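Numbering (this note's numbering), first residue to last: 254 to 631.
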Ligand code: PLP
């Protein structure tokens, strides 16, 4: 099987499996007796590793159950914190039209409950191009660091600078970035940042929220005081250890790996451009090195996925969360891609298990797959 869906999820790294198994006997890290202290020391190690690797203080590391949970806490929690503090921007959210559902849906829920939402527009390249909405205070501004469909890397530094002038806290969904390139939370200057372990070879169902001391998001779920009270609930120590191990390994090889997958990505892009007429590349630099998003005229994404699957090639149309429903991608819509073209899209995302053999197999079959999809499409 040739797997081209690394942005959806990656196989777990051996180092992560081993770390998980080693910590799997850990009991309650909140308990004062010996087994609790042991669990706590494993958790502290994981927290310190994450802090050292991502340029933050250990206290700023909050373990969550997923990237989705981290995003929800940041968006809803910063919004609520601004309301309680009666901050000048309370009641207003600035975001983009290309966010993953993990941010898009909580923002939509806030809007339904009365929040005023303004958007930073993106251009045809998939990058944020207009920043004016940041010149008025808001409870938070939220912009993903790299888009999960196109791989487009967003101008986060510029967003932080502009938001700082009005005292607006910034959240970034860095789920597609963390583990793939160096991240320094302190230097970046965002208030909160979300990441997800399974995107860099850790376990699924484990995420991270980095949260500055202040302004801190209010909790979304109420419970005990774990994780600064921001994410209450008995902590999953084994998954935290596995996340830390995966992050360490992933970052150690990230420069070499980025160059390796970029070569494959360029090979696929050039082949498609040269050999498949009616194809439109939607990934524009700056972009993640392992991402390539392409639309093929007169096809539909579901047929393309099925035809490739029959050949043992796995790719997706966009985000994992939308798979199985071929509707216009909100990301491509925001970029101004025509609906009929957008519906015939594939996203190839490369990662640690990708080989030259996988790429050769894909390129050997892709032209005939597109041709067959066009026959069915009519
Ligand atoms: N944000 C982005 C950009 C993603 O790509 C994903 C996963 O596809 C998520 C958030 C959600 O992460 P998780 O699967 O850990 O909930």
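Think of the CB as a built atom: it goes at the ideal place given N, C-alpha and C, for glycine as much as any other residue. The structure presented is a predicted model; accordingly, all values stated were derived computationally and were not measured.
_Please report the distance separating the alpha-carbon of residue 338 from that of residue 398._
27 angstroms
*asked:* Determine whether the beta carbon atoms of residue 565 and residue 607 lie at a separation below 9 angstroms.
replied: no
*asked:* Just to confirm before moving on: does the CB-CB distance between residue 304 and residue 315 stay below 9 angstroms?
replied: no
*Would the region 271 to 291 and the region 487 to 500 be scored as touching if the rule is three or more Cβ pairs under 8 angstroms?*
yes
*Would you say the region 577 to 594 touches the region 615 to 625, given that touching needs at least three Cβ pairs under 8 angstroms?*
no
*When every heavy atom of the ligand PLP is checked, does at least one fall within less than 8 angstroms of the C-beta of residue 583?*
no
*Are the beta-carbon atoms of residue 441 and residue 461 separated by less than 9 angstroms?*
no
*asked:* Check for me: the alpha helix (DSSP H) holding residue 258 runs from which residue to which?
replied: Where residue 258 is concerned, there is no enclosing alpha helix (DSSP H), given that its DSSP letter is neither H nor E.
*What residues are listed by DSSP as bridge partners for residue 547?*
534, 599
*Starting from the C-beta of residue 336, find all residues in its chain whose C-beta is less than 6 angstroms away, skip the five residues before and the five after it, and write them out in chain order.*
343
*Exposure of residue 629, with buried meaning 16 or more beta-carbon neighbours within 10 Å*: exposed
*Per DSSP, which residues does residue 440 bridge with? Please list them.*
BP columns for residue 440 are empty, so no partner.
*Is the beta carbon of residue 328 within less than 8 angstroms of some heavy atom of the ligand PLP?*
no
*Backbone CA spacing between residue 572 and residue 583 [nearest angstrom]*: Because the pLDDT at residue 572 is just 46, under 50, the model does not fix this residue reliably, and the value given afterwards should be weighed accordingly. Cα-Cα distance, rounded: 11 angstroms.
*Rounded to a whole number of angstroms, what is the C-alpha to C-alpha distance between residue 616 and residue 371?*
42 angstroms
_Less than 8 angstroms separating the Cβ of residue 322 from some heavy atom of the ligand PLP?_
yes
*residue 337 by DSSP, collapsed to three states: which one?*
helix
*Quick one: measure Cβ to Cβ for residue 401 and residue 512, integer angstroms, because I've assumed they're closer than 8 angstroms.*
Going by Cβ atoms, the distance from residue 401 to residue 512 rounds to 22 angstroms, so no, they are not a contact pair.
*Could you give the DSSP three-state label for residue 461: helix, strand or coil?*
strand
_I need the straight-line Cα distance from residue 521 to residue 332, nearest angstrom please._
42 angstroms
*Taking only heavy atoms of the ligand PLP into account, decide whether any of them is closer than 8 angstroms to the Cβ of residue 356.*
yes
*asked:* Less than 9 angstroms between the C-beta atoms of residue 480 and residue 317, yes or no?
replied: yes
*So which of 356, 366, 365, 352 has the shortest CA-CA distance to residue 375?*
352
*Tell me whether residue 619 is buried or exposed, calling it buried when 16 or more other Cβ atoms sit within 10 Å of its Cβ.*
buried
_Taking its Cβ as the centre, do 16 or more other Cβ atoms sit within 10 Å of residue 539, making it buried, or is it exposed?_
exposed
*asked:* Suppose you measure from the CA of residue 458 to the CA of residue 473; what does that come to, to the nearest Å?
replied: 18 angstroms
*Could you check how far apart the C-beta atoms of residue 468 and residue 361 are, in whole angstroms? I think they sit under 8 angstroms.*
Rounded, the Cβ-Cβ distance is 23 angstroms, inconsistent with contact.
_Distance between residue 410 and residue 258 (C-alpha atoms, nearest Å)_ = 28 angstroms
*Reducing DSSP to helix, strand and coil, say where residue 503 ends up.*
helix
*For residue 574, I'd like the list of residues in its chain whose CB is within less than 7 angstroms of its CB, leaving aside the five on either flank, ordered along the chain.*
Confidence is the limiting factor: at residue 574 the pLDDT is only 44, short of 50, which leaves the residue's position unreliable, though a coordinate-based value still follows. Here the set comprises 354.
*asked:* For residue 285 and residue 495, what's the separation of their Cα atoms in angstroms?
replied: 24 angstroms
_Beta-carbon proximity of residue 597 to residue 548, cut-off 9 angstroms_ = yes
_CA-to-CA distance, residue 368 to residue 330, given in whole angstroms_ = 14 angstroms
*What first and last residue would you give for the beta strand (DSSP E) that runs through residue 369?*
369 to 373
*Could you check the C-alpha separation between residue 602 and residue 525 for me, to the nearest Å?*
15 angstroms
_residue 572 - DSSP class collapsed to helix/strand/coil_ = Only weak support exists for where residue 572 lies, its pLDDT of 46 falling under 50; the coordinates are left without a value.
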